[in-house]
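Scroll down for the structure; my scribbles are underneath it.
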Amino acid sequence: MRSHKNIPSLIVLAAVFILVFFHACKTTDQVPEPSSIEQWILGTSASIREDFSPDVFIQLKNAGIDYVELGLRAPKFYADSSEREEFCRQVKEAASEAGVRIWSIHIPYGKQWDISDPFDTVRQDVIKRHQKLFEIFEILQPKKAIIHPSYEPNLPEEREARMEACRKSLTVLAAETKAYGVDLVIECLPRTCLGNSSKEILWLLEGNENLGVCCDVNHLLKETPQEFIHKVGKRITTLHISDYDGIDERHWPPGKGIIEWNLVLESLISTGYSGPFLLEYNDSPENKAAMWKDMKSKFIQRSPL
Ligand SMILES: [Zn+2]
Numbered sequence: 024m025r026s027h028k029n030i031p032s033l034i035v036l037a038a039v040f041i042l043v044f045f046h047a048c049k050t051t052d053q054v055p056e057p058s059s060i061e062q063w064i065l066g067t068s069a070s071i072r073e074d075f076s077p078d079v080f081i082q083l084k085n086a087g088i089d090y091v092e093l094g095l096r097a098p099k100f101y102a103d104s105s106e107r108e109e110f111c112r113q114v115k116e117a118a119s120e121a122g123v124r125i126w127s128i129h130i131p132y133g134k135q136w137d138i139s140d141p142f143d144t145v146r147q148d149v150i151k152r153h154q155k156l157f158e159i160f161e162i163l164q165p166k167k168a169i170i171h172p173s174y175e176p177n178l179p180e181e182r183e184a185r186m187e188a189c190r191k192s193l194t195v196l197a198a199e200t201k202a203y204g205v206d207l208v209i210e211c212l213p214r215t216c217l218g219n220s221s222k223e224i225l226w227l228l229e230g231n232e233n234l235g236v237c238c239d240v241n242h243l244l245k246e247t248p249q250e251f252i253h254k255v256g257k258r259i260t261t262l263h264i265s266d267y268d269g270i271d272e273r274h275w276p277p278g279k280g281i282i283e284w285n286l287v288l289e290s291l292i293s294t295g296y297s298g299p300f301l302l303e304y305n306d307s308p309e310n311k312a313a314m315w316k317d318m319k320s321k322f323i324q325r326s327p328l
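When the letters of the sequence shown are read in order and numbered with my numbering, they come out as residues 24 to 328.
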């Protein structure tokens, strides 16, 4: 009889235990897990020319490069609707058949594409140009769209107005890409371009949760890449990897310049970055894959590249 009386209190105890257990699980879920570079997928930028052939993607896949960022140099990306659609379909099919994922698309840059133009009428035209281009996302289905915060050079006295204009454009454009299921990502830039430091990048991100950051490690002239990564943290959602001399962007293969790669990898891991490792320099797919293998093994031994 006595044990029967205890059943309700046992049920309460069990319920409390389950609640505490699930709460504990939830709390540990919220702590960013350090990522492992072994899980990062290797990617590279590739400019598809007009005479593009599916071999481009097959060659990447065979070398062990599974993700690609497309530059939009081919004039057909800007052609009339039907011609453009057909071209995008060919590119998408060729990538899919080779087993390569179109991870990102690099939005063009230049005066015509400058989202920081301080003249509102000009800026509205620039936004319209972007909106028209975004139609290709329907077919190409990238995960990220990389945008430059400005063109260059920029006068110091115009900087504040341009930063304001840029942030306004980014709010509109990030909502536009989101409708296609694509994350808009701002790239850190060198020289007088907007977004040339973690401070400016953080300011541009303010109030816009839809925006991510592409850390181009060879664009950082005011701080080291590892300092930038620590400051911008989890907002970094993609990379442009190449080496430089710290004086200007060079797009050299890693190991040729001054970047301390072990520190860069460590800082990315500490933010919970989960890949991909996306290379942005000229070399054969085989050499790129070999470089990444070498970089990973040097990282494990903590010896310089
Ligand atoms: Zn870049």
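Ideal placement from N, C-alpha and C gives every residue a C-beta, glycine not left out.
What you are looking at is a predicted structure, and each value in this text was computed from that prediction instead of being measured.
- For the pair Ser220 and Tyr296, the Cα-to-Cα distance works out to about 20 Å.
- Going by DSSP, Glu106 is part of no beta strand (DSSP E) but of the alpha helix (DSSP H) stretching over Ser104 to Ala121.
- If you draw a straight line from the Cα of Arg190 to the Cα of Gln324, it comes to about 42 Å.
- In the structure shown, Lys321 adopts helical secondary structure according to DSSP, grouped into three states.
- Boundaries of the beta strand (DSSP E) around Thr261: Ile259 to His263.
- By the Cβ neighbour-count rule, Asn310 is exposed, with fewer than 16 other Cβ atoms within 10 Å of its own.
- Nearest C-alpha to Thr260 among Gln249, Leu234, Leu244 and Glu250: Leu234.
- DSSP places Ile71 in the coil class of the three-state scheme, outside both helix and strand.
- Check the Cα spacing between Gly87 and each of Lys316, Pro327, Lys99 and Leu328: the tightest is with Lys316.
- Not one heavy atom of ligand 1 is found less than 7 Å from the C-beta of Asp306.
- No Cβ-Cβ contact shorter than 8 Å links Ser139 with Ala97.
- The C-beta separation of Glu175 from Cys237 comes to about 17 Å, leaving the pair out of contact by the 8 Å criterion.
- Within the same chain, Pro77, Phe80, Ile81, Leu83 and Lys84 come within 8 Å of Ala121 by CB-CB distance, once the 5 residues on both sides are set aside.
- When beta bridges are read from the DSSP output, Cys237 appears opposite Glu210 and Thr261.
- Listed as beta-bridge partners of Ile128 by DSSP are Leu93 and Ala168.
- Setting aside the 5 residues that flank it on each side, Ala102 is surrounded in the same chain by Phe110, each with a C-beta closer than 8 Å to its C-beta; the list follows chain order.
- Taking Ser127 as reference, the option from Pro172, Thr200 and Arg152 with the minimal CA-CA separation is Thr200.
- When only Cα atoms are considered, Gln113 and Leu207 end up about 24 Å apart.
- A straight-line Cα-Cα distance of about 42 Å links Gly278 and Glu106.
- A residue is listed when its beta-carbon falls short of 6 Å from at least one non-hydrogen atom of ligand 1; in chain order these are Glu210, Asp239, His263 and Glu303.
- The beta-carbon distance between Arg185 and Leu228, rounded to whole angstroms, is 16 Å. This is too long to meet the 8 Å contact definition.
- Boundaries for Leu328: no alpha helix (DSSP H) harbours it, and the DSSP string shows neither H nor E there.
- Taking Ile150 as the centre and dropping the five residues before and after it, the same chain places the C-beta of Ile138, Ser192, Val195 and Leu196 closer than 8 Å to its C-beta, in chain order.
- Taking C-beta atoms under 8 Å as the contact rule, Glu303 and Ser119 fail to qualify, at a distance of about 23 Å.
- When beta bridges are read from the DSSP output, Leu193 appears opposite no residue.
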